[in-house]
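For reference, the structure is listed below as structure tokens.
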Amino acid sequence: MWEAIDNCQVSDGPAAETELPCSFDIEDIAMAPAETSREHKTPSFPKPSGEYWIEALENGVHVLIRPLQAQDREREKAFIERLSPESRHFRFLCQLREPGEAMLDQLMKVDQDRQAAYVALAHVDGELQEVGISRYATASGKDECECAVTVMDSWQHHGLGRLLLKHLVDHARAKGLRQMYSVDAAANQAMRELAKAAGFTTVADPDDPSQVIHRLSLI
1 MWEAIDNCQV
11 SDGPAAETEL
21 PCSFDIEDIA
31 MAPAETSREH
41 KTPSFPKPSG
51 EYWIEALENG
61 VHVLIRPLQA
71 QDREREKAFI
81 ERLSPESRHF
91 RFLCQLREPG
101 EAMLDQLMKV
111 DQDRQAAYVA
121 LAHVDGELQE
131 VGISRYATAS
141 GKDECECAVT
151 VMDSWQHHGL
161 GRLLLKHLVD
171 HARAKGLRQM
181 YSVDAAANQA
191 MRELAKAAGF
201 TTVADPDDPS
211 QVIHRLSLI
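The opening residue of the sequence shown carries number 1 in the numbering used here; numbering runs sequentially from there.
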């Protein structure tokens, strides 16, 4: 959670995306029972350039997962605004009602050498909406990355976070990174459970007792 964003230090507009990173067999993580209220047929998605995946969630709904692109700016903004206050707080570790332009600039700028971001898109109410995103960033010259995975509240517990995480991990490994970590609110029980299932070690943040650090070796 890049510091300027997560601490809401961006000054342009009211500042304020939860789930996670890693080196484990994604299929081993048990998820909550899926609901069956959405259509299960495979929808038609616009074919993007570059890498992409059309994935089936545990409830049969299909999503398109691909790298974040410049045209996703408004989708990213709407996604953050649709998150519950708690989910926004868990993602950014501060109170946030809507992202300002400076924050969006930071979120949309993905340096291919140091960062990665994968977005999940689905057909909702007749339009293609962002329903989840995973991303990591590395500090210059370091072989570890800080990561975050965020899923829309109503799309959680169907395996979407797990899928987003898998692609993020594959990318980090391909880049030769050796470790992933995530700084999260201690009250974020869902993240604690996901981190434990994924093999992360969890320790209290020595600088903030209200936070924990989940860490996993990628080698």
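By construction, the Cβ of each residue, glycine as well, lies at the ideal position given by its N, Cα and C atoms. In this text, all values refer to a predicted model and were calculated from it rather than measured experimentally.
Would you mind working out which of the options sits nearest residue i, comparing C-alpha positions?
{"i": "K47", "options": "L57, V151, F92, V63", "result": "V63"}
{"i": "R88", "options": "E193, I213, D184", "result": "D184"}
{"i": "C147", "options": "S154, L177, W53", "result": "L177"}
{"i": "E74", "options": "C94, E127, S84", "result": "E127"}
{"i": "L83", "options": "Q112, R162, E51, Q156", "result": "Q156"}
{"i": "Q69", "options": "A139, L104, R162, T138", "result": "L104"}
{"i": "H158", "options": "S49, N59, V119", "result": "N59"}
{"i": "I133", "options": "T202, D208, D72", "result": "D72"}
{"i": "T150", "options": "S217, S182, E101, G100", "result": "S182"}
{"i": "A187", "options": "S210, A195, Y118", "result": "S210"}
{"i": "D205", "options": "I219, H214, A198, K175", "result": "H214"}
{"i": "A198", "options": "D113, L163, A174, K175", "result": "L163"}
{"i": "V61", "options": "S154, L93, D111, S49", "result": "S154"}
{"i": "K166", "options": "I65, Q189, Q112, K109", "result": "I65"}
{"i": "A56", "options": "L121, V110, E193", "result": "L121"}
{"i": "R135", "options": "S49, C94, K109, E193", "result": "K109"}
{"i": "D225", "options": "S140, S49, Y52, K196", "result": "Here the chain has residues from 1 to 219 only, and residue 225 is not among them."}
{"i": "E51", "options": "D170, C94, F92", "result": "D170"}
{"i": "L216", "options": "D208, L194, W53", "result": "L194"}
{"i": "D208", "options": "T138, L93, I54", "result": "L93"}
Beta-carbon separation of residue i and residue j under 8 Å?
{"i": "E144", "j": "M191", "result": "no"}
{"i": "M152", "j": "F90", "result": "no"}
{"i": "E76", "j": "L96", "result": "no"}
{"i": "E98", "j": "E81", "result": "yes"}
{"i": "A174", "j": "L218", "result": "no"}
{"i": "V119", "j": "E101", "result": "no"}
{"i": "T201", "j": "V212", "result": "no"}
Report the CB separation of residue i from residue j in whole angstroms; it is logged as a contact under 8 Å.
{"i": "H123", "j": "P67", "result": "That pair is no contact at about 20 Å."}
{"i": "A116", "j": "L160", "result": "So it is not a contact: roughly 17 Å between Cβ atoms."}
Tell me, please, which residues DSSP counts as bridged to residue i.
{"i": "I219", "result": "According to DSSP, I219 bridges with nothing at all."}
Exercise. Which parts of the segment 146 to 202 are runs of the beta strand (DSSP E), unbroken and 3 residues or longer, counting only runs that do not cross its ends?
Worked result: 179 to 185
For this session: Write down every uninterrupted run of the beta strand (DSSP E) in the segment 100 to 152 whose length is 3 residues or greater and which is fully enclosed by it, in chain order.
Result: 115 to 124, 127 to 138, 144 to 151
For this session: Starting from the N-terminal side, write out each stretch of the beta strand (DSSP E) that is 3 residues or longer and does not extend beyond the segment 45 to 99.
Result: 53 to 56, 62 to 67
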